[in-house]
Amino acid sequence: MTARKKINKKPTPSSEGTIFVLSVALVIAIGTFLFLSSRQKETIKVAEKKEVTVMLASENNSSETGTAFLKEADGKVVVTLAVENSPKGVTQPAHIHTGTCPNPGEVKYPLNSLVDGKSETTLNVSVNDLLSQMPLAVNVHKSVAKAKVSVSCGDIAK
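Residue numbers for the sequence shown follow this note's numbering, beginning at 32 and rising by one.
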């Protein structure tokens with residue numbers, strides 16, 4: 032019979048230390064990866080939620096009130112106007128002006144005119160760039176012929 036030699040399977044102190052260090056390094060690496068991954072997703076969600084709501088108040092006894100929704104899509108601002116009590120079939124110019132209501136300044140961004148109280152315009156500017164130009168106001172005019180008469184206005188706020 033041949034005698035079998037016993038192999039010592041106990042880990043040595045140096046191999047135990049190496050395993051411990053590698054385990055700690057792996058835990059730190061996984062933790063860092065998960066932390067950075069979650070931060071990136073949060074940043075994307077914030078960028079996707081860039082929007083501003085502007086309440087449009089009636090002016091000059093028009094009774095035209097409504098809302099302007101400014102929402103960022105692909106780095107551009109989409110402005111959606113919804114105005115109640117607007118005259119049927121009348122084209123009403125709309126703009127984003129410098130300044131504030133009730134006496135806004137010059138036109139900063141022309142918007143597509145309202146027809147039957149509705150309009151949508153895409154501006155080649157981001158929400159952040161737009162807000163950096165404050166103060167600004169959304170203004171709706173009575174008609175093309177009476178563009179100097181404001182019927183609805185609202186200040187854009189951050």
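Note that the Cβ used here is the ideal one computed from N, Cα and C, for glycine as well.
Can you give me the C-alpha to C-alpha distance between residue i and residue j, rounded to a whole angstrom?
i	j	result
K72	V169	Confidence at K72 is low in this model, with a pLDDT of 48, below 50, so its placement is unreliable and no value can be given for it.
G120	C184	20 Å
H126	K189	18 Å
L65	I50	23 Å
A104	I61	34 Å
P135	L167	8 Å
G97	K173	14 Å
N116	K107	29 Å
Just to confirm, is the Cβ distance from residue i to residue j under 9 Å?
i	j	result
V158	L87	no
S181	P133	yes
V109	D186	no
L142	S150	yes
T129	S144	no
V171	V83	no
Y140	T152	yes
Any idea what DSSP makes of residue i, helix, strand or coil?
i	result
A99	strand
A88	strand
V77	With a pLDDT of 42 at V77, under the threshold of 50, the predicted position of this residue should be treated as unreliable, and no value is reported.
V114	strand
N155	coil
D105	coil
S183	strand
S150	strand
V121	coil
S163	coil
Using the beta-carbon count (16 or more within 10 Å), is residue i buried or exposed?
i	result
L67	exposed
V58	exposed
E90	buried
A99	buried
K177	exposed
S163	exposed
V175	exposed
L154	buried
L112	buried
State yes or no: is the beta carbon of residue i nearer than 9 Å to at least one beta carbon in chain D?
i	result
T96	Here chain D cannot be found, since the structure has a single protein chain.
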